[in-house]
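S.K.:
Numbering (full-length UniProt numbering), first residue to last: 1 to 170.
1. So residue 94 and residue 21 are supposed to be a Cβ contact under 8 Å. How far apart are they, rounded?
2. For residue 136, does the count of other Cβ atoms within 10 angstroms reach 16, so buried, or fall short, so exposed?
3. In or out: residue 97 buried (at least 16 other Cβ within 10 Å) or exposed?
4. Check this for me: beta carbons of residue 40 and residue 89, under 7 Å apart or not?
5. Just to check my reading of the structure: residue 55 and residue 84 have Cβ atoms closer than 8 Å, yes? What is that Cβ distance to the nearest angstrom?
6. Using CA coordinates, which residue listed in 143, 128, 133 and 138 is at the minimum distance from residue 151?
7. Residue 106: which of 71, 134 and 37 sits nearest, CA to CA?
8. Would a C-beta distance cut-off of 7 Å place residue 74 and residue 122 closer than the cut-off?
9. Alpha carbon to alpha carbon, how far is residue 111 from residue 19?
10. Can you round the beta-carbon distance between residue 147 and residue 100 to whole angstroms, since I take them to be within the 8 Å contact cut?
11. With a cut-off of 8 Å on the beta carbons, I'd call residue 67 and residue 50 a contact; round off their distance for me.
12. Which stretch, first to last residue, makes up the beta strand (DSSP E) that contains residue 38?
13. Which residues bound the alpha helix (DSSP H) around residue 136?
14. Give a yes or no on whether the C-beta atoms belonging to residue 27 and residue 62 are separated by under 7 Å.
15. So, for residue 78: in the same chain, excluding its five sequence neighbours on each side, which residues have a beta-carbon less than 7 Å away from its beta-carbon?
16. Return the chain-ordered ranges of every beta strand (DSSP E) run that is complete within the region 46-107 and spans a minimum of 3 residues.
17. Between residue 104 and residue 140, how many whole angstroms is the CB-CB distance? I'm expecting something under 8 Å.
18. Going by the beta-carbon positions, is the gap between residue 130 and residue 115 smaller than 7 Å?
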């Protein structure tokens with residue numbers, strides 16, 4: 001769509017809705033959704049730093065517990081739910097991941113080098129998946145990095161990173 005002077009109008013990008021952190025709970029035999037999740041809702045207190053915004057049933061018969069913005073520590077909540085329900089369930093923590101492309105890496109850059117740089121630039125990142133795509137005709141590699149969405153913006157603000165110290169003799 002053009003403006004009145006004929007110049008193309010810039011598209012206004014909508015920001016994707018970020019999903020809240022969640023716990024995926026898979027039930028084992030003998031337990032039903034209402035039994036397990038009524039225990040969770042009424043026995044896990046909000047003073048433990050947990051705010052549960054919703055509990056939904058999944059297609060597989062388990063449940064998805066969405067955590068609110070005031071939840072401070074997911075790991076503690078996960079342990080509390082596991083302790084409450086004992087061996088009745090399998091619990092996994094979910095977080096939204098996003099992919100980043102790191103271009104123009106030299107052909108000698110390896111996966112562990114890339115991971116080291118990401119940890120240096122953003123030390124709070126814990127779950128990183130990296131795959132290196134082999135060199136193109138100019139001898140440059142491409143790294144595909146998957147990190148939690150909350151750290152993506154911080155990594156995107158890094159313009160240039162040195163992975164090694166280069167020494168030259170004159």
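Here a beta-carbon is modelled for each residue, glycine too, at the ideal position from N, C-alpha and C.
M.R.: Put simply:
1. As a working mapping, residue 94 is identified with position 94 in the chain shown. As a working mapping, residue 21 is identified with position 21 in the chain shown. About 7 Å separates the beta carbon of residue 94 from that of residue 21, a gap short enough to meet the 8 Å contact definition.
2. One-based indexing of the chain shown puts residue 136 at position 136. When all chains shown are included, residue 136 counts as exposed.
3. Start at 1 with the first residue of the chain shown, and residue 97 comes out as number 97. Exposed, since its Cβ has fewer than 16 Cβ neighbours within 10 Å.
4. Counted from its first residue, the chain shown places residue 40 at position 40. Counted from its first residue, the chain shown places residue 89 at position 89. Contact: no.
5. One-based indexing of the chain shown puts residue 55 at position 55. One-based indexing of the chain shown puts residue 84 at position 84. In this structure, residue 55 and residue 84 do not form a Cβ contact; the two beta carbons are roughly 14 Å apart against a cut-off of 8 Å.
6. On the chain shown, residue 151 is found 151 positions in, with the first residue counted as 1. Nearest C-alpha to residue 151: 128.
7. Position 106 of the chain shown, counted from the start, is the residue given in the question as residue 106. If we check each option's Cα against that of residue 106, 134 comes out closest.
8. Residue mapping note: residue 74 aligns to position 74 of the chain shown, counting from 1. Residue mapping note: residue 122 aligns to position 122 of the chain shown, counting from 1. Their beta carbons are not under 7 Å apart, which means residue 74 does not touch residue 122 by this criterion.
9. For the purposes of this step, residue 111 is identified with residue 111 of the chain shown, where counting begins at 1. For the purposes of this step, residue 19 is identified with residue 19 of the chain shown, where counting begins at 1. C-alpha separation (whole angstroms): 29 Å.
10. Walking along the chain shown from the start, residue 147 turns up at place 147. Walking along the chain shown from the start, residue 100 turns up at place 100. So it is a contact: roughly 7 Å between Cβ atoms.
11. In the chain shown, the residue the question calls residue 67 occupies position 67. In the chain shown, the residue the question calls residue 50 occupies position 50. Contact holds; Cβ gap of about 7 Å.
12. Sequence index remark: in the chain shown, residue 38 carries index 38 (1-based). Unbroken run through residue 38 is the alpha helix (DSSP H), 33-43; no beta strand (DSSP E).
13. Translated into the one-based positions of the chain shown, residue 136 becomes position 136. It is not in any alpha helix (DSSP H) - residue 136 carries neither H nor E in the DSSP assignment.
14. Working through the chain shown from its first residue, we reach residue 27 at position 27. Working through the chain shown from its first residue, we reach residue 62 at position 62. Yes, Cβ-Cβ distance for residue 27 and residue 62 is below 7 Å.
15. Reading the chain shown from its first residue, position 78 is the one you call residue 78. Excluding its 5 nearest sequence neighbours in each direction, residue 78 has C-beta neighbours in its own chain below 7 Å: 23, 91 and 93, listed in chain order.
16. Segments of the beta strand (DSSP E) lying fully in the region 46-107: 52-57, 63-67, 89-94 and 97-106.
17. Start at 1 with the first residue of the chain shown, and residue 104 comes out as number 104. Start at 1 with the first residue of the chain shown, and residue 140 comes out as number 140. Approximately 5 Å separates the beta-carbon atoms of residue 104 and residue 140; this is inside 8 Å, confirming the contact.
18. Here residue 130 is taken as the residue at index 130 of the chain shown, counted from 1. Here residue 115 is taken as the residue at index 115 of the chain shown, counted from 1. Yes, Cβ-Cβ distance for residue 130 and residue 115 is below 7 Å.
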